[in-house]
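Undergrad: Okay, here's the structure, questions in a sec.
Number of protein chains: 2
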Amino acid sequence: MPGGITIIEDGTVTSPQGYVAGATFAGLKTYAEDKLDLAILYSRRTTTAAGVFTQNKLKSPSVILTEEHVADGKAHAVVVNSGIANACVGDPGYGDAKRMTGKTADILGIRPEDVLICSTGVVGVELPMSLIESGIDRIQLATDGGHRMARAILTTDPRPKEIGVSFPLNGKTITIGGIAKGAGMIHPDMATMLSFITTDAEISSDLLKEMLKDAADDSFNMMTIDGDTSTNDTVLLMANGAAGAGPIRPGTEGAELFSHALAEVCIDLAKRIAREGEGATKLIEVTVEGARTLRQARSAARIISGSSLVKTAVHGNDPNWGRITVALGRSEADVEESKLALHINGALIMENGLPAPFHRDSVIALMSQGQVDIRVNLNLGEHSATAWGCNLSEEYVTFNSAYTT
Amino acid sequence: MPGGITIIEDGTVTSPQGYVAGATFAGLKTYAEDKLDLAILYSRRTTTAAGVFTQNKLKSPSVILTEEHVADGKAHAVVVNSGIANACVGDPGYGDAKRMTGKTADILGIRPEDVLICSTGVVGVELPMSLIESGIDRIQLATDGGHRMARAILTTDPRPKEIGVSFPLNGKTITIGGIAKGAGMIHPDMATMLSFITTDAEISSDLLKEMLKDAADDSFNMMTIDGDTSTNDTVLLMANGAAGAGPIRPGTEGAELFSHALAEVCIDLAKRIAREGEGATKLIEVTVEGARTLRQARSAARIISGSSLVKTAVHGNDPNWGRITVALGRSEADVEESKLALHINGALIMENGLPAPFHRDSVIALMSQGQVDIRVNLNLGEHSATAWGCNLSEEYVTFNSAYTT
Numbered sequence: 000m001p002g003g004i005t006i007i008e009d010g011t012v013t014s015p016q017g018y019v020a021g022a023t024f025a026g027l028k029t030y031a032e033d034k035l036d037l038a039i040l041y042s043r044r045t046t047t048a049a050g051v052f053t054q055n056k057l058k059s060p061s062v063i064l065t066e067e068h069v070a071d072g073k074a075h076a077v078v079v080n081s082g083i084a085n086a087c088v089g090d091p092g093y094g095d096a097k098r099m100t101g102k103t104a105d106i107l108g109i110r111p112e113d114v115l116i117c118s119t120g121v122v123g124v125e126l127p128m129s130l131i132e133s134g135i136d137r138i139q140l141a142t143d144g145g146h147r148m149a150r151a152i153l154t155t156d157p158r159p160k161e162i163g164v165s166f167p168l169n170g171k172t173i174t175i176g177g178i179a180k181g182a183g184m185i186h187p188d189m190a191t192m193l194s195f196i197t198t199d200a201e202i203s204s205d206l207l208k209e210m211l212k213d214a215a216d217d218s219f220n221m222m223t224i225d226g227d228t229s230t231n232d233t234v235l236l237m238a239n240g241a242a243g244a245g246p247i248r249p250g251t252e253g254a255e256l257f258s259h260a261l262a263e264v265c266i267d268l269a270k271r272i273a274r275e276g277e278g279a280t281k282l283i284e285v286t287v288e289g290a291r292t293l294r295q296a297r298s299a300a301r302i303i304s305g306s307s308l309v310k311t312a313v314h315g316n317d318p319n320w321g322r323i324t325v326a327l328g329r330s331e332a333d334v335e336e337s338k339l340a341l342h343i344n345g346a347l348i349m350e351n352g353l354p355a356p357f358h359r360d361s362v363i364a365l366m367s368q369g370q371v372d373i374r375v376n377l378n379l380g381e382h383s384a385t386a387w388g389c390n391l392s393e394e395y396v397t398f399n400s401a402y403t404t
Numbered sequence: 000m001p002g003g004i005t006i007i008e009d010g011t012v013t014s015p016q017g018y019v020a021g022a023t024f025a026g027l028k029t030y031a032e033d034k035l036d037l038a039i040l041y042s043r044r045t046t047t048a049a050g051v052f053t054q055n056k057l058k059s060p061s062v063i064l065t066e067e068h069v070a071d072g073k074a075h076a077v078v079v080n081s082g083i084a085n086a087c088v089g090d091p092g093y094g095d096a097k098r099m100t101g102k103t104a105d106i107l108g109i110r111p112e113d114v115l116i117c118s119t120g121v122v123g124v125e126l127p128m129s130l131i132e133s134g135i136d137r138i139q140l141a142t143d144g145g146h147r148m149a150r151a152i153l154t155t156d157p158r159p160k161e162i163g164v165s166f167p168l169n170g171k172t173i174t175i176g177g178i179a180k181g182a183g184m185i186h187p188d189m190a191t192m193l194s195f196i197t198t199d200a201e202i203s204s205d206l207l208k209e210m211l212k213d214a215a216d217d218s219f220n221m222m223t224i225d226g227d228t229s230t231n232d233t234v235l236l237m238a239n240g241a242a243g244a245g246p247i248r249p250g251t252e253g254a255e256l257f258s259h260a261l262a263e264v265c266i267d268l269a270k271r272i273a274r275e276g277e278g279a280t281k282l283i284e285v286t287v288e289g290a291r292t293l294r295q296a297r298s299a300a301r302i303i304s305g306s307s308l309v310k311t312a313v314h315g316n317d318p319n320w321g322r323i324t325v326a327l328g329r330s331e332a333d334v335e336e337s338k339l340a341l342h343i344n345g346a347l348i349m350e351n352g353l354p355a356p357f358h359r360d361s362v363i364a365l366m367s368q369g370q371v372d373i374r375v376n377l378n379l380g381e382h383s384a385t386a387w388g389c390n391l392s393e394e395y396v397t398f399n400s401a402y403t404t
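From first to last, the protein sequence lines stand for chains A and B.
If you count the first sequence from 1, position 177 lands on 176 in numbering that gives the first Met the number 0, and the numbers rise without skipping.
If you count the second sequence from 1, position 189 lands on 188 in numbering that gives the first Met the number 0, and the numbers rise without skipping.
The following block contains the structure:
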């Protein structure tokens, strides 16, 4: 990793200085083994903040309220519940979100407008507000509380997703911590991808917003599980300056380092989400090189990683280059057939648009590993992009069709 | 059906007057039970002709040559092979397509430029030209040969798809016949959708082109199996005027009748293709009403019918309205949550954006039938559209991943 960025052990959202978190069981997520379903993340001082949000036209009121609260670039705390998405519930949804942020502000002694809120879980069910309010009262905040929060935001993920990285700046140590829950939809309607990222760096909200958008475009936005998006997808980034390293300004080396470290965190979390998609047993990493534009590279990488035929071929360890090129052909990328090259897990499969004489059994053996890397070179330009997805398994279908029958 | 349009018994591409067809086994499609793999369709007089073609950037040279040959709006015959797609083979592909049309023209005594060609099957394999040329020599053309041609174009479809309709015009009978093969990809790389439609009406190539585009937009372009498109998708329409009913001109009642009848043929074939998608056991018909524009209605209907989560819910007979609304939310359609209404097989599931108190077991029973109708009313405008898809089953995954392992 560039510039002395290191991964820290047991890193989480409370690894950066000045953050505490806690979680409890409010009674919403009765189907899961791990009953934590309500969490608060709090910075001892106010933070600058930025968010990226679902583009779905049916948004949870929790998302709408958080977009309003983060519009001034400031935050102080986050409250999040799992089990119920607070989506498709009509008028009460927005009021319930307001009550949750208000109650959280009350017990923390901060402004309700500085509390952000996320919800994830079943659609079409109202939040049981008295359970939530008494849950909020019970939450104990602790400097290692990030781990409990990471569990509390899960719905169907097999395990929590947490990471922390740090790097030196101006004689101090800057830390970034992140947690996420995946787009697993083993249970019905739990499509939400949530991620919370904290740092003790000092960064203006404008720069934070720009950096988060760039990092999300290279990570969360390059990840597909099954093509469906959610009413609740949210990534939040807070910066409280508690490391005492002074402000990070645009165009400086510090800004570059921070961008790298933030991308590291986001890509790590995105890959974990892809690898643990519902019914998935393999991570697919698709890199498209030699594209005419970045947009074309991204489109091609995403279309290939999301193709049902590519996903089933990976599931069956099938070096089926025809499916990869056919998926490529419906992306936005310019393609000249005679220039195409393709590698699967390092083995040359196709060159100059024609199949190479690869050793089939070797490639099948390579593809039987937990990660399948597909590398396409369009040989038309200088741009590249990477996307992540997962194999499509019989279990995906069984899980997703076994709800009521 | 409007204006006396009737479905004719055993209708096929040789049902309209003046068409003959035939098929043989050339030795390309060795994996199928039914060995026919090479067919010719011939009109005794030259026809006006129009085509719609795959939008995939990697096109088979067979498609490229047919686009060139049909550009003048004229045709006389079609030659088609199954088993090998003539795609991703480099330079020889175009020359082989030329040889196939040239050979066909020779034995029929017509111009090579009036022969259209389609190929479907495995990608990345060159056509065995001597087998094909001796196959073309063997083909016997007959007035009931459409049925053999309908079998010869198949790759993995469980059965041929044929239809014929007729209607009276100027004291004569106009007939339209159509055959199709589906987008089934049980075998690798056989993504192609092909359809051939013939009529004995007399129609200018400009009007024919316009009518075919409109009919395809309401049928083949509203059908999804798994979101992947092919290098070879083609729909061809030929009109030879042999019914003797005189020219059908734009804006006349005859043109309106013909459009209706053509749409009937295309929608029937599209529904059969969707119903027989790989691993599919159910047809999903999604109608979106009350959209602000036709484009928005089409986008919404297509996104819902193609959603993996909707397809698995239908597979499991799960009236999971959350998945339908969430898919709707990522389409191009404007949506106001509080105006949404949703019916599944006639049962009211959601109204004014809120779940209706439907009887769950009754709806599950309704969904256990071979066709699941999803009707969404956006209540925002006057436009509507219908799309067709199929359930996503464990068998789809098994078929598509079981190639080499």
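The beta carbon of each residue, even a glycine, is placed where N, CA and C say it ideally should be.
As the structure is a computational prediction, the values presented were derived from the model and not from experiment.
Give every residue of the same chain whose Cβ lies closer than 6 Å to the Cβ of Gly-94 (chain B), excluding the five residues on either side of it in the sequence, and list them in chain order.
TA: Same-chain partners within the cutoff: there are none.
Undergrad: Ignore the nearest five residues each way along the sequence and tell me which others in Val-362 (chain B)'s own chain have a CB closer than 8 Å to its CB.
TA: Around Val-362 (chain B): Pro-318, Ile-343, Asn-344, Ala-346, Ile-348.
Undergrad: Whole angstroms is fine: what's the gap from Leu-379 (chain A)'s alpha carbon to Val-325 (chain A)'s?
TA: Near 18 Å, if we compare the C-alpha coordinates of Val-325 (chain A) and Leu-379 (chain A).
Undergrad: Are there 16 or more other CB atoms within 10 angstroms of the CB of Ser-367 (chain A), so buried, or fewer, so exposed?
TA: With fewer than 16 other Cβ atoms within 10 Å, it is exposed.
Undergrad: DSSP on Ala-346 (chain A), reduced to helix/strand/coil?
TA: Ala-346 (chain A) falls in the strand class under three-state DSSP.
Undergrad: Quick one: which unbroken alpha helix (DSSP H) runs of 4-plus residues sit fully inside the stretch 229 to 289 of chain B? Chain order, please.
TA: Fully enclosed alpha helix (DSSP H) runs of 4 or longer: 252 to 274.
Undergrad: Buried or exposed: where does Thr-29 (chain A) fall if 16 or more other Cβ atoms within 10 Å of its Cβ makes it buried?
TA: Per the 10 Å Cβ criterion, exposed.
Undergrad: What number of angstroms, rounded off, separates the C-alpha of Ser-229 (chain B) from the C-alpha of Pro-159 (chain B)?
TA: Each residue's alpha carbon lies about 20 Å from the other.
Undergrad: Name, in chain order, the residues that DSSP records as bridge partners for Lys-435 (chain A).
TA: With chain A running from 0 to 404 in the structure shown, residue 435 (chain A) is simply not present.
Undergrad: In the stretch 71 to 145 of chain A, which residue ranges form an unbroken alpha helix (DSSP H) of at least 4 residues, counting only runs that do not cross its ends?
TA: Counting whole runs of 4 or more residues, the stretch 71 to 145 of chain A contains the alpha helix (DSSP H) stretches 91 to 107, 128 to 137.
Undergrad: Is Val-234 (chain B) close to chain D? Criterion is C-beta to C-beta, closer than 8 Å.
TA: Looking at the structure shown, chain D is missing, and the protein chains on hand are A and B.
Undergrad: Is the stretch 111 to 122 of chain B touching the stretch 134 to 144 of chain B, taking contact as three or more C-beta pairs under 8 Å?
TA: The stretch 111 to 122 of chain B vs the stretch 134 to 144 of chain B: no contact.
Undergrad: Return the CA-CA distance between Val-62 (chain A) and Phe-52 (chain A), expressed in angstroms with no decimal places.
TA: Approximately 7 Å, taken between the alpha carbons.
Undergrad: Answer with yes or no whether the minimum CB distance from Val-285 (chain B) to chain A is below 8 Å.
TA: Chain A contact via Cβ: absent.
Undergrad: For Asp-360 (chain A), which three-state DSSP category applies?
TA: The answer is helix: DSSP assigns Asp-360 (chain A) an H, G or I state.
Undergrad: Closest to Arg-294 (chain A) by CA distance: which of A:Thr-45, A:Asn-220, A:Cys-265 is it?
TA: Per the Cα distances, A:Asn-220.
Undergrad: Take Thr-45 (chain B) as the anchor and find which of B:Lys-171, B:Arg-271, B:Ala-241, B:Ala-151 has the nearest alpha-carbon.
TA: Ranking B:Lys-171, B:Arg-271, B:Ala-241, B:Ala-151 by Cα distance to Thr-45 (chain B) puts B:Ala-241 first.
Undergrad: Does DSSP put Ile-7 (chain A) in a helix, in a strand, or in coil?
TA: Reduced to three states, the DSSP call for Ile-7 (chain A) is coil.
Undergrad: Does the beta-carbon distance from Val-88 (chain A) to Ile-39 (chain A) come in below 8 Å?
TA: Cβ atoms of Val-88 (chain A) and Ile-39 (chain A): not closer than 8 Å.
Undergrad: In whole angstroms, what is the alpha-carbon distance linking Gly-369 (chain B) and Thr-155 (chain B)?
TA: Roughly 20 Å separates the two Cα atoms.
Undergrad: Determine contact between the stretch 382 to 393 of chain A and the stretch 97 to 113 of chain B, defined as no fewer than three beta-carbon pairs at a distance below 8 Å.
TA: Flag = no, the stretch 382 to 393 of chain A and the stretch 97 to 113 of chain B do not touch.
Undergrad: Can you give me the start and stop residues for the beta strand (DSSP E) that Lys-28 (chain B) sits inside?
TA: Per DSSP, Lys-28 (chain B) belongs to no beta strand (DSSP E) and is neither H nor E.
Undergrad: Let's see if you can read the secondary structure: which residues bound the alpha helix (DSSP H) around Ile-323 (chain B)?
TA: Taken as a continuous stretch (DSSP letters only), the alpha helix (DSSP H) holding Ile-323 (chain B) covers 320 to 327.
Undergrad: Which one of A:His-314, A:Gly-101, A:Lys-97, A:Leu-308 has the shortest CA to CA distance from Arg-274 (chain A)?
TA: If we check each option's Cα against that of Arg-274 (chain A), A:His-314 comes out closest.
Undergrad: Smallest Cα separation from Leu-268 (chain A): which of A:Ser-14, A:Phe-195, A:Asp-90?
TA: Measuring from the Cα of Leu-268 (chain A), the nearest candidate turns out to be A:Phe-195.
Undergrad: Listed in chain order, which residues of the stretch 384 to 398 of chain A have Cβ atoms closer than 9 Å to some Cβ of chain B?
TA: Answer set for the stretch 384 to 398 of chain A: Asn-390, Leu-391, Ser-392, Glu-393, Glu-394, Tyr-395, Val-396, Thr-397, Phe-398.
Undergrad: With distances taken from CA atoms, which of B:Glu-125, B:Arg-98, B:Glu-161, B:Ala-290 is nearest Ala-332 (chain B)?
TA: With distances taken between Cα atoms, Ala-332 (chain B) lies closest to B:Ala-290.
Undergrad: Using C-beta distances below 6 Å, list every residue in its chain close to Asp-372 (chain A), excluding the 5 sequence neighbours before and after it, in chain order.
TA: Contacts found: Glu-284, Asn-344.
Undergrad: Using a threshold of 8 Å, state whether the C-beta atoms of Ala-48 (chain A) and Ile-138 (chain A) are closer than that.
TA: Cβ atoms of Ala-48 (chain A) and Ile-138 (chain A): not closer than 8 Å.
Undergrad: Give a yes or no on whether the C-beta atoms belonging to Leu-450 (chain B) and Glu-336 (chain A) are separated by under 8 Å.
TA: No answer is possible for residue 450 (chain B): it lies beyond the span of chain B, which begins at 0 and ends at 404.
Undergrad: If we define contact as Cβ-Cβ less than 8 Å, is Ser-118 (chain B) a contact residue for chain A?
TA: It does not; no Cβ of chain A falls within 8 Å.
Undergrad: Applying the 10 Å Cβ sphere with the 16-neighbour rule, what's the burial state of Thr-11 (chain A)?
TA: That one is buried.
Undergrad: Using the beta-carbon of each residue, which ones in chain A are nearer than 8 Å to Ser-229 (chain B)?
TA: Those are Val-325, listed as they occur along chain A.
Undergrad: Hey, does Arg-329 (chain B) have any beta-carbon neighbour from chain A nearer than 8 Å?
TA: Chain A contact via Cβ: present.
Undergrad: Need the endpoints of the alpha helix (DSSP H) that Ala-214 (chain B) sits in, please.
TA: 204 to 216 is the span of the alpha helix (DSSP H), which, as asked, contains Ala-214 (chain B).
Undergrad: Out of curiosity, what's the CA-to-CA distance linking Leu-365 (chain B) and His-358 (chain B)?
TA: So the two alpha carbons sit approximately 11 Å from each other.
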